[in-house]
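Enquirer: Sharing a structure below in structure tokens format, with a few things to ask.
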Amino acid sequence: MPQPSLDLNQLYEAVLNGDLKGAVEVTRSALDAGVDPQQLVTEQMIPAMDEVGRRFENNEYFVPELLISARAMKGALELIRPLLAERGIQPVGRVVIGTVK
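Just so you know, we're using our numbering here: the sequence shown kicks off at 1002 and counts up by one.
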């Protein structure tokens, strides 16, 4: 059960803003508080990357911001991946991002 003072929206914001250190810290705190790792991915990280994609499409974010946000999410996932593997949850696929000039 999450601690009342733990704001999971901070993970969303950290990924959205490309804050690697913040994403890792919030993820670690959430996991220590007993938050379901899959919940962190599906309710915070994926929606944050969806928003990054929307901003990219609207020319509000550019490739550097997209990559920085992806790096923040990857850092948080490094903590979560082993926990999901213990439960037998496997990746669905791989995302490849590229640009054409």
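Ideal Cβ positions, reconstructed from N, Cα and C, are used throughout, including at glycine. Please read all numbers here as calculations on a predicted model, not as lab measurements.
Are the beta-carbon atoms of L1007 and A1049 separated by less than 8 Å?
Expert: In the sequence shown, counting from the first residue as 1, residue 1007 sits at position 6. In the sequence shown, counting from the first residue as 1, residue 1049 sits at position 48. Cβ atoms of L1007 and A1049: not closer than 8 Å.
Enquirer: Run the CB neighbour count on P1038, radius 10 Å, all protein chains shown included, and call it buried at 16 or more, exposed below.
Expert: In the sequence shown, residue 1038 corresponds to position 37, counting from 1. It counts as buried.
Enquirer: Can L1012 and A1077 be called in contact, C-beta distance under 8 Å?
Expert: Position 11 of the sequence shown, counted from the first residue, corresponds to residue 1012. Position 76 of the sequence shown, counted from the first residue, corresponds to residue 1077. It is a contact, given that the beta carbons lie within the stated cut-off.
Enquirer: Buried or exposed, going by whether 16 or more other CB atoms sit within 10 Å of the CB of T1043?
Expert: Position 42 of the sequence shown, counted from the start, is the residue given in the question as residue 1043. Result: exposed.
Enquirer: Based on Cα-Cα distance, which residue from L1009, E1014, N1018 and L1085 lies nearest to P1065?
Expert: As a position in the sequence shown, residue 1065 is number 64, starting the count at 1. Residue N1018 is the option with its Cα nearest to P1065.
Enquirer: Give the secondary structure of Y1013 by DSSP, where H, G and I count as helix, E and B as strand, and everything else as coil.
Expert: Taking the sequence shown and counting its residues from 1, one reaches residue 1013 at position 12. Helix, per DSSP.
Enquirer: Does the beta-carbon of D1020 have 16 or more other beta-carbons within 10 angstroms, so that it is buried, or is it exposed?
Expert: As a position in the sequence shown, residue 1020 is number 19, starting the count at 1. Looking at its Cβ environment, which holds 16 or more other Cβ atoms inside 10 Å, D1020 is buried.
Enquirer: So, for G1023: in the same chain, excluding its five sequence neighbours on each side, which residues have a beta-carbon less than 6 Å away from its beta-carbon?
Expert: Within the sequence shown, the letter at position 22 stands for residue 1023. Taken in chain order, the residues that qualify are A1015.
Enquirer: Along the chain, where does the alpha helix (DSSP H) containing L1021 start, and where does it finish?
Expert: Taking the first residue of the sequence shown as position 1, residue 1021 is located at position 20. Looking at the DSSP string, the run of the alpha helix (DSSP H) that includes L1021 is L1021 to D1033.
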